[in-house]
Amino acid sequence: MAKKKKEIHPMESLLRMDRIPHIWCPGCGIGTAVTAFTSALEKLKADLNKVCVISGIGCTGRVAGYVKLDSFHTTHGRPIAFATGIKLGDPELKVVVFSGDGDIIAIGGNHFMHAARRNIDMTVICVNNFIYAMTGGQVAPTTPLTAYTTTSPYGNVEVPSNIPQLAEACGAVYVARWTALHIRRLTNAIVEAMQKPGFSVVEVISSCPQYYSRINKLGDGLDMMKFYHDNSVIRHNEPTENLDIDYQKQIIVGKFIDRERPTYMDSYKKWLEEVKHQIPKSPKIQNT
Amino acid sequence: MRANPKDVFTGAYYIDGDVSSAYGAAAAGCKFIGGYPITPSTEAFEAFVRRAHQVGAISIQMEDELGSIASVIGASWAGKKAMTITSGPGFSLMMENIGLGAMLETPFVVLNIQRGGPSTGLPTLTGQADMMQSRWGSHGDYEIITIAPDSPQEMFDYTVKAFNLSEKYRCPVMIMSDECVGHMTEKVVIPSADKIEVEPRRFYKGDKDKYIPFPVDNLVPPMVKAGDGYKLHLTGLAHDEKGYPLLTQNSKVKTQNANTRRLVDKIRLNVDKIIELKEDGIDDAEIIVVSYGITSRVAIRGIEMARAKGIKVGSLRLVTVWPFPEKKITELANKVKAFVVPEINYGQIVFEVERCAYGKANIVLVPHGGGSVHNPDDIFHAIEYAAKERKNVDGIIEQKTNLYSLIFEKEYKLHG
């Protein structure tokens, strides 16, 4: 019998194969988001030595551990601040923050706001699964009203964040939202976001069969894909105030913001050109 | 390696400790500061920002201290020498990421101009009550280095040293100054670049495929930086040699033990090289005043007063507070009658002195709540008190007396 040829994973050059199998549950959308990201890197023909991935804590926080790039798994909520340091430390690097809704919008919301305001050149891929999954299904700032979680056992009473609206209000130059079903469109959105100079945000609506779907009795991963298929509506350039997500209602996806603003480094370099010859006076008393 | 002349503002200045520290950072080759304004450390941040473009550095005022320390660790891994500047409340906010810095074996410097606490405390007045926090503030086991300068000149010198130590041992180094030193204006002489020793970042130069970020047999391995093609993975999770977290419970236990041991051993096995002390008249002393930071300057007056009375008193100044000079204190405890420990808190480093004295010498704490420095008379009285031989009712010399309880207990009418 002929020897069976060893199968090579198509993304082997971009994944840390020595760390596979990964920790994500069957039916989880994060793997799809990672596939879209790695496909985007291939499409971009980016210099992989110059791409950094920074993650925070949580299920999506584990992405940094599986991509074969310079990758940093940092503290909860701080990946954007960490990435700001890396970007300013070496402006040549292409910086991608890959983390979850809890990490970026709740505990790290402040850094999200201010990195967008400064227009630091980075791409934020925010996987939104509506729940804190790593810790076992607690309420998130994105949990839709009335949805059950372990810390909203009688239904969520808090109004959830609208991530694209927040990103737009804070100054992001590129904002898109796709679900884990829209692989091709999501890949293209990541390509566009990474090409866009400035702070770009791609929200990925992701299934969480083990917690969000199980607690709310919404079925498994495949059922969620069917739900996305039947309920997502593509509306490019939709005003971001219309992008709230209600419990098991339609999800508007598309590219909402694509605008130009000078990036932090552009403004910094311009300023540096103007002031580089100015030397501040100091209370020097004599030369030694 | 010598400092880059471009980074050194050679000359004699009349500046405060904060500004001096900023110039020290520049001289040491600091190329990134992520800061957040907080009294009384703001002047240091401002001074660096004013001159950042001169030395090719970049500075950013982050949205909070959590962000500033995270950006500093990021910048350090992008290959830049980096620092953050803060005071009490900001220092508290930084703790989690200081743990990340220790875990990722990242060189960076934290300048803490201490103020009175707890909480918002005394923003414009002095304190020394963050000393234990600098050592134990973040959760888990790790070691850091803490330096306590006592003058604007030392703020320059020891900021340079702090950067050198952090590069040498790949760990966070804290400069635990205080409001008095930070806002004290004195003459500071910045020497020429060829007189300033600077530790360069040690980069790995071998085969890319063979790079192991955290080898178990190397306490301080060379670093790489983001963008060099090493496909580095760093995680705050307990990790193995490759930097990968593990999945099985047994392997987690194994790597945890190997890794945390490296984090503490790299400092503990090098204590003799790291620790710097300043001694004065301790050879024939019966009493030794152990002090650090601004209190060591106040103690000089107390010591002079005691010497005028004929008490044999010496001074041991802790320039490096952490790692603690255990050997030195134990050695002295066998020879002297008592240690007098003045500090602007209600007892922190005194417990370390007590621990290392093994009951062989009396320990007298001279506490101070903060806001100002000690009255030198208090230190003098404590020395006098320590010099007296006390006998109990049976005529046996008491081995240990805690001055703290003697001074304060009687002031309260009610005990809860």
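Protein sequence lines correspond, in order, to chains L and V. Each residue of the first sequence is one higher than the one before, counting from 1 in my numbering. Each residue of the second sequence is one higher than the one before, counting from 1 in my numbering. Where a beta carbon is used, it is the ideal one built from N, C-alpha and C, also for glycine. Nothing here was measured: the structure is a model prediction, and the numbers come from that model.
Residues of the same chain with a CB within less than 7 Å of the CB of A36 of chain L, apart from the 5 flanking positions on each side, are I183, L186, T187 and I190 in chain order. Against chain L, the beta carbon of H53 of chain V has neighbours under 7 Å at L272, V275 and K276, listed in chain order.
At least one CB atom of chain L sits nearer than 8 Å to the CB of L232 of chain V. Taking CB atoms only, R50 of chain V has a neighbour in chain L less than 8 Å away. Not flagged as an interface residue toward chain L: T320 of chain V, since no C-beta distance is shorter than 8 Å. Shown in chain order are the members of the stretch 66 to 93 of chain L whose Cβ falls below 7 Å from a Cβ of chain V: K68, L69, D70, S71, F72, H73, T74, T75, R78, A81, F82, A83, T84, G85, I86, L88, G89, D90, E92 and L93. H233 of chain V: not part of any alpha helix (DSSP H); member of the beta strand (DSSP E) spanning H233 to T235, first to last residue. For R317 of chain V, the uninterrupted beta strand (DSSP E) segment begins and ends at V313 to L318. In the three-state DSSP reduction, Y230 of chain V falls in the coil class, being neither helix nor strand. Considering only beta carbons, no part of the stretch 116 to 138 of chain L lies closer than 7 Å to chain V. A buried status is given to V313 of chain V, since no fewer than 16 other beta-carbon atoms sit within 10 Å of its beta-carbon. Setting aside the 5 residues that flank it on each side, S71 of chain V is surrounded in the same chain by G34, I60 and M62, each with a C-beta closer than 7 Å to its C-beta; the list follows chain order.
Among the residues facing chain L, N362 of chain V is not included, as its CB has no counterpart in that chain under 8 Å away. In this structure, G198 of chain L and A75 of chain V do not form a Cβ contact; the two beta carbons are roughly 20 Å apart against a cut-off of 8 Å. Spanning the alpha carbons of K273 of chain V and D16 of chain V requires a straight line of approximately 30 Å.
A direct Cα-to-Cα measurement between P123 of chain V and G370 of chain V gives close to 11 Å. For R118 of chain L, the closest alpha carbon among the candidates L:A81, L:S39 and L:L69 is that of L:A81. Excluding the 5 residues flanking it on each side, G24 of chain V has same chain C-beta neighbours closer than 6 Å at F156, T159 and V160, in chain order. Here F324 of chain V is actually not in contact with E343 of chain V; their C-beta atoms are around 13 Å apart, not less than 8 Å.
With contacts defined by Cβ atoms closer than 8 Å, Y268 of chain L and I251 of chain L do not form a contacting pair.
Runs of beta strand (DSSP E) with 3 or more residues, each lying fully within the stretch 168 to 252 of chain L, are found at 174 to 179, 199 to 205 and 232 to 234, listed in chain order. Under the Cβ criterion of 8 Å, I251 of chain L is not counted among the residues facing chain V. Residue range I294 to A308 is occupied by the alpha helix (DSSP H) that includes I300 of chain V. Inclusion of P141 of chain L and A106 of chain L in the CB contact set at 8 Å is warranted, their separation being smaller than that value. The count of Cβ pairs closer than 8 Å, one atom from the stretch 115 to 131 of chain V and one from the stretch 84 to 98 of chain V, reaches three, so the stretches are in contact.
The criterion of a C-beta distance shorter than 8 Å is satisfied by G29 of chain L and V204 of chain L. Between M131 of chain V and F108 of chain V, the gap from beta carbon to beta carbon reaches 8 Å or more. Against R19 of chain L, the close residues of chain V are Y244, in the order they occur along the chain (beta-carbon pairs closer than 8 Å). In the three-state scheme derived from DSSP, where H, G and I count as helix and E and B as strand, G67 of chain V is classed as helix. Around the beta-carbon of L69 of chain L, 16 or more other beta-carbon atoms lie within 10 Å, marking it buried. Here F45 of chain V is buried, its C-beta having at least 16 other C-beta atoms within 10 Å.
Taking 8 Å as the cut-off, the beta carbon of G100 of chain L is found no closer than this to the beta carbon of H76 of chain L.
In the displayed model, M1 of chain V falls within coil according to three-state DSSP, outside both helix and strand. Between the stretch 157 to 171 of chain L and the stretch 7 to 19 of chain L there are fewer than three C-beta pairs closer than 8 Å, too few to call the two in contact.
Shown here, M83 of chain V sits in a strand according to DSSP, grouped into three states. N362 of chain V carries a strand assignment under DSSP once its states are collapsed to helix, strand and coil.
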